[in-house]
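Trainee: Just passing along the structure, written as structure tokens.
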Amino acid sequence: MSELLGFYVDHQMTSPFAMAQHSAKIKPIANDLARSGVLLVTTCLRVEAYGQEPALRNIDRTIFSDFLSVRIEGAAAITQRLAEIASGVHSQILGENYISDQLANAIARLDPNLPIFQIVRLAIDIGRGSRERQRFIASFNYDQIVRDIIADRFPNGELPDRLYMIGAGMLGRELIRSGVGERFRSTVIVTRNPKNLRKRLRAWTDIDVALMRPAEIGHAREPRSIVVIATADVNDEYQAILQNALQQLEPRTIVDLSSIPVLSKTAVGKLNYVTMYDEEFLRFIDKNNTKLAPKRPLLCSDIEATLRAAQIYLSAKAP
Numbered sequence: 001m002s003e004l005l006g007f008y009v010d011h012q013m014t015s016p017f018a019m020a021q022h023s024a025k026i027k028p029i030a031n032d033l034a035r036s037g038v039l040l041v042t043t044c045l046r047v048e049a050y051g052q053e054p055a056l057r058n059i060d061r062t063i064f065s066d067f068l069s070v071r072i073e074g075a076a077a078i079t080q081r082l083a084e085i086a087s088g089v090h091s092q093i094l095g096e097n098y099i100s101d102q103l104a105n106a107i108a109r110l111d112p113n114l115p116i117f118q119i120v121r122l123a124i125d126i127g128r129g130s131r132e133r134q135r136f137i138a139s140f141n142y143d144q145i146v147r148d149i150i151a152d153r154f155p156n157g158e159l160p161d162r163l164y165m166i167g168a169g170m171l172g173r174e175l176i177r178s179g180v181g182e183r184f185r186s187t188v189i190v191t192r193n194p195k196n197l198r199k200r201l202r203a204w205t206d207i208d209v210a211l212m213r214p215a216e217i218g219h220a221r222e223p224r225s226i227v228v229i230a231t232a233d234v235n236d237e238y239q240a241i242l243q244n245a246l247q248q249l250e251p252r253t254i255v256d257l258s259s260i261p262v263l264s265k266t267a268v269g270k271l272n273y274v275t276m277y278d279e280e281f282l283r284f285i286d287k288n289n290t291k292l293a294p295k296r297p298l299l300c301s302d303i304e305a306t307l308r309a310a311q312i313y314l315s316a317k318a319p
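This is the structure we're talking about:
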């Protein structure tokens, strides 16, 4: 079997915004790479590729041509790296809980018989287990940050009106399931395909949400409403529709969780618009990371020890 290799670049090697832009540029070729046996991991903060050496030949001069990537060799080193990613130790928000699901989604494109598929499955399990054992769990995850921003905008018991969640992907659905809309009179998911989303929400028997298309919002001012943008799938036409709708809606605040902000500060004008790159958001991240940073060495040691034990166990079972 050919040697397993990996190449990666992440937000710790460049700016988070530059990484987000590069990730968005590379993401569309994930299926093509998967057909050739290459796992492509593209999150807002990283671009990583793993597979057998022949499939990865010259990839460091293609998708990594704009950055100085790190090369990683061998199954053990790759498993360690991916387990650490799954644990949240390399995330901008340390201990965040979405990254392991993103890894699981990334390998769904691959042939499950490929060695790299088996390695990532093991890495996810190890990373999740170590995260739980070491309690490496973000106190200020995306849902808590949104809650705190909402609380700041509605002090002294003031009641908010509606929560608009723009985007029906994993992040948007998880935010709603976490209860960020509990204080609001109602919650609306804004989606371009309500029919498909309605089918996916049939299991939500305990959560009451309304569905709207983008063009259906903004017919009246709602100064006691909050808008959360939780989608990266925005083309020019959709951006223009959202911009016009939000200008008419005039919500109390727009919280944009997109790695590449959907709107520009100029476009929103006087509207209160908070992105992941603004000081208010970064203060929450710093507070979370200051608390968790001392646990990083223990977490990495736990992952390394678990991986070593798994290797010993698998070697003992081998014929």
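The numbering of the sequence shown is our numbering, which starts it at 1 and goes up by one.
The C-beta atom is built at its ideal place from N, Cα and C for all residues, glycine as well.
Nothing here was measured: the structure is a model prediction, and the numbers come from that model.
For ASP233, is the classification buried or exposed, using 16 other Cβ atoms within 10 angstroms of its Cβ as the cut-off for buried?
Mentor: Per the 10 Å Cβ criterion, exposed.
Trainee: Starting from the Cα of LEU110, find the closest Cα among ILE241, ASN235, ALA34 and give me that residue.
Mentor: Minimum Cα distance to LEU110 is reached at ALA34.
Trainee: Between which two residues does the alpha helix (DSSP H) harbouring GLY51 extend?
Mentor: It is not in any alpha helix (DSSP H) - GLY51 instead sits in the beta strand (DSSP E) that spans 46-52.
Trainee: Could you check which residue in PHE140, ALA151, ARG198 has the C-alpha nearest to that of LYS291?
Mentor: LYS291 has its Cα closest to that of PHE140, out of PHE140, ALA151, ARG198.
Trainee: Please list, in chain order, all residues of the same chain as ASP161 whose beta carbon is under 6 Å from its beta carbon, the five residues on each side excluded.
Mentor: Once the five neighbours on either side are set aside, the close Cβ partners of ASP161 are ARG185, GLU222, ARG224, SER225.
Trainee: At which residues does the beta strand (DSSP E) containing ARG273 begin and terminate?
Mentor: In the sequence as presented, Arg is not what sits at residue 273; that position holds Tyr. TYR273 -> beta strand (DSSP E) spans 273-275.
Trainee: When the distance is taken between beta carbons, is ASP66 closer than 8 Å to HIS22?
Mentor: A contact, by the Cβ cut-off of 8 Å.
Trainee: Whole angstroms are fine: how far does the CA of ALA55 sit from the CA of ALA318?
Mentor: Confidence is the limiting factor: at ALA318 the pLDDT is only 48, short of 50, which leaves the residue's position unreliable and the question unanswerable from this model.
Trainee: Could you check what DSSP says for SER87 in three-state terms: helix, strand or coil?
Mentor: Looking at SER87 - three-state DSSP - the assignment turns out to be helix.
Trainee: Label GLY269 either buried or exposed according to how many other C-beta atoms from any shown protein chain fall within 10 Å of its C-beta, with 16 as the threshold for buried.
Mentor: With fewer than 16 Cβ atoms within 10 Å of its Cβ, GLY269 is classed as exposed.
Trainee: Does DSSP put ASP236 in a helix, a strand or coil?
Mentor: If DSSP states are grouped into helix, strand and coil, ASP236 belongs with the helices.
Trainee: Between the alpha carbons of ILE119 and LEU159, how many angstroms are there, rounded?
Mentor: Going by the C-alpha atoms only, they are around 49 Å apart.
Trainee: Roughly how many whole angstroms lie between the Cα atoms of ILE59 and TRP204?
Mentor: Taking the straight line joining both Cα atoms gives about 43 Å.
Trainee: So what does DSSP say about MET13, is it helix, strand or coil?
Mentor: Looking at MET13 - three-state DSSP - the assignment turns out to be coil, as it is neither helix nor strand.
Trainee: Quick check on DSSP: helix, strand or coil for GLU280?
Mentor: Helix, per DSSP.
Trainee: Let me make sure I understand the geometry here. Which of VAL227, ASP143, ILE207, ASP208 has the alpha-carbon closest to that of PRO214?
Mentor: When each option's Cα is compared against that of PRO214, the closest is VAL227.
Trainee: Which residue or residues does DSSP assign as beta-bridge partners of THR43?
Mentor: ARG46.
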